[in-house]
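Residue numbers (the working numbering): 215 to 700. Positions of the beta carbon are idealized from the N, C-alpha and C atoms, including for glycine. All figures in this text were calculated on a predicted structure; none of them were measured in a lab.
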């Protein structure tokens, strides 16, 4: 029958061997090359396993039997500070081939919540010396490996959750417009509607109700399903689904005008509804939201790629949410053009718009120095025409600038061969010929990047016009030139 002393000795040896193994593992990490060669020469048999002290029952039994040592009760494996609890003396002579604990070595058990001066010592005899022959590997194999898929999977899930939570808030904001303002304007007879606003309510709100119903009934529920099926996220972002935003932004300038014109009326509705946000603050929400999707998708794409998952759908979704806001912003600026002599939809697709320093159109026979007449103007490049406008500064920080139409150049009358470039001055010259009357306009860009962008896009528009003329006058030649016909 085992004595109390033998039980104590067995339990102590168990703890000691595990502590020694742990320390040896730490030592091998800092002296992997030299220590490994020594360990391979050790005469002691290898230990069968190396593991931290995780068994609380071992500690409990040790504490129970070693009453004279006066170890604080209630300790668990996590209460032991292994790196500071053991001191190993390593031989330094060249002929030493064995690394072991000297007979005088001591193990100090230090509870985390106990001061160091209250520690007790357990002495080991020669029989308890432990060699470290089994540790012959380098550090990198033993260090914990971070699972990249798990790490970035968690990050992607967080990004998707952020997308969903912000979408819920967005739907609530849209509800304040549709179920709040629009409902009051349509049904509340207590607030008198201004005469000038009658019949123009739809201009104020545009197609926001359609956008609201899409996000509430379709898009948000589908987003919520992506928590468990993140690979389906990319399919939710398509051009057709978000094209209503382009129309909404195109109408935005007219909406802003009416809201500003009838500010007092909308303020009365706001107070009746008890809302904090102005109607103008709510009506800008769709513009802000369409811009934000790309930021969230960029983070989701980054995590997806680092996980090693298929990312083409997310990449396509990101491209859509870059292009749609750009189109929306372009059409919002187009909607700010005043005195435009033609319907904007007859001008074709908007290719580019920006501020350029341009001259007034003059005859090619005019001897005036046009360089002195350069002026900053907003230029819109459509498929059918180039529109030149003066910018009207915004009235205040809550409004946007407008543009006044000055003149235009018809694309089908621009001379492709006369398209002259001066890269040194970042200038290009456009020549329009109409019934013998020639007009020339010089455009100057601010830098090389803007110059290249405009020259490239103007060339594309002119080339398309030439291809169209060829197709109309010589269909056979057009077919031969079209690579799709080969």
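- For residue 466, the number of other beta carbons within 10 angstroms of its own is at least 16, and it is reported as buried.
- Straight-line measurement puts the Cα of residue 449 at about 8 Å from the Cα of residue 528.
- If you compare the alpha carbons of 366, 419, 458 with that of residue 428, the shortest gap goes to 458.
- DSSP places residue 665 within a helical segment (H, G or I) once states are collapsed to three.
- Residue state for residue 567 is assigned as strand, using DSSP reduced to three classes.
- When C-beta atoms of the stretch 519-539 are compared with those of the stretch 549-558, fewer than three pairs fall below 8 Å, so the two segments do not count as touching.
- The beta carbons of residue 460 and residue 545 sit closer together than 8 Å.
- Distance between residue 671 and residue 499, taken at the CA atoms: about 32 Å.
- Within the DSSP bridge table, the entry for residue 502 names no partner.
- In summary, residue 577 is exposed, with fewer than 16 beta-carbon neighbours lying within 10 Å of its beta-carbon over all protein chains present.
- Distances from the alpha-carbon of residue 568 to those of 486, 598, 668 put 668 closest.
- When DSSP reads this structure, residue 617 sits in a beta bridge with 551, 605.
- For secondary structure counted as the alpha helix (DSSP H) over 4 or more consecutive residues, the stretch 468-526 holds these complete runs in sequence order: 477-487, 493-497, 499-521.
- For residue 641, the pairing in a beta bridge is given by DSSP as 636, 658.
- For the 8 Å CB-CB criterion, residue 657 and residue 644 form a contact.
- Per the C-alpha coordinates, the member of 463, 494, 640, 464 positioned closest to residue 478 is 494.
- Counting along the chain, the unbroken alpha helix (DSSP H) around residue 371 starts and ends at 362-389.
- Here the alpha carbon of residue 441 sits roughly 49 Å from the alpha carbon of residue 682.
- DSSP, reduced to helix, strand and coil, places residue 588 outside both helices and strands of the structure shown, so it counts as coil.
- Residue environment: residue 542 is assigned as buried (16 or more neighbouring CB atoms within 10 Å of its CB, all protein chains considered).
- Contact check for residue 366 against residue 526 fails: the beta carbons are separated by 8 Å or more.
- With a cut-off of 8 Å on Cβ pairs, the stretch 475-491 is in contact with the stretch 386-404, counting three or more such pairs.
- The beta carbons of residue 676 and residue 628 sit about 6 Å from each other, so the pair counts as a contact at 8 Å.
- DSSP places residue 426 in the uninterrupted alpha helix (DSSP H) bounded by 422-428.
- The closest CA to that of residue 475, considering only 430, 600, 605, 408, is found on 408.
- Here the C-alpha atom of residue 619 lies approximately 10 Å from the C-alpha atom of residue 593.
- Sixteen is the threshold: when 16 or more other Cβ atoms of the shown chains lie within 10 Å of the Cβ of residue 504, as they do, the residue is buried.
- The DSSP-derived three-state label of residue 648 is strand.
- Taking residue 496 as the centre and dropping the five residues before and after it, the same chain places the C-beta of 387, 390, 391 closer than 7 Å to its C-beta, in chain order.
- Under the 10 Å beta carbon count, residue 464 is surrounded by 16 or more other beta carbons and is classified as buried.
- If you draw a straight line from the Cα of residue 508 to the Cα of residue 364, it is about 24 Å long.
- Comparing C-alpha distances from residue 664 to each of 621, 571, 376, 445 shows the shortest one belongs to 571.
- Going by beta carbons, residue 617 and residue 512 fall outside the 8 Å limit.
- Distance from the CA of residue 566 to the CA of residue 540, rounded to the nearest whole angstrom, comes to 10 Å.
- For residue 577, DSSP records a beta bridge to 653.
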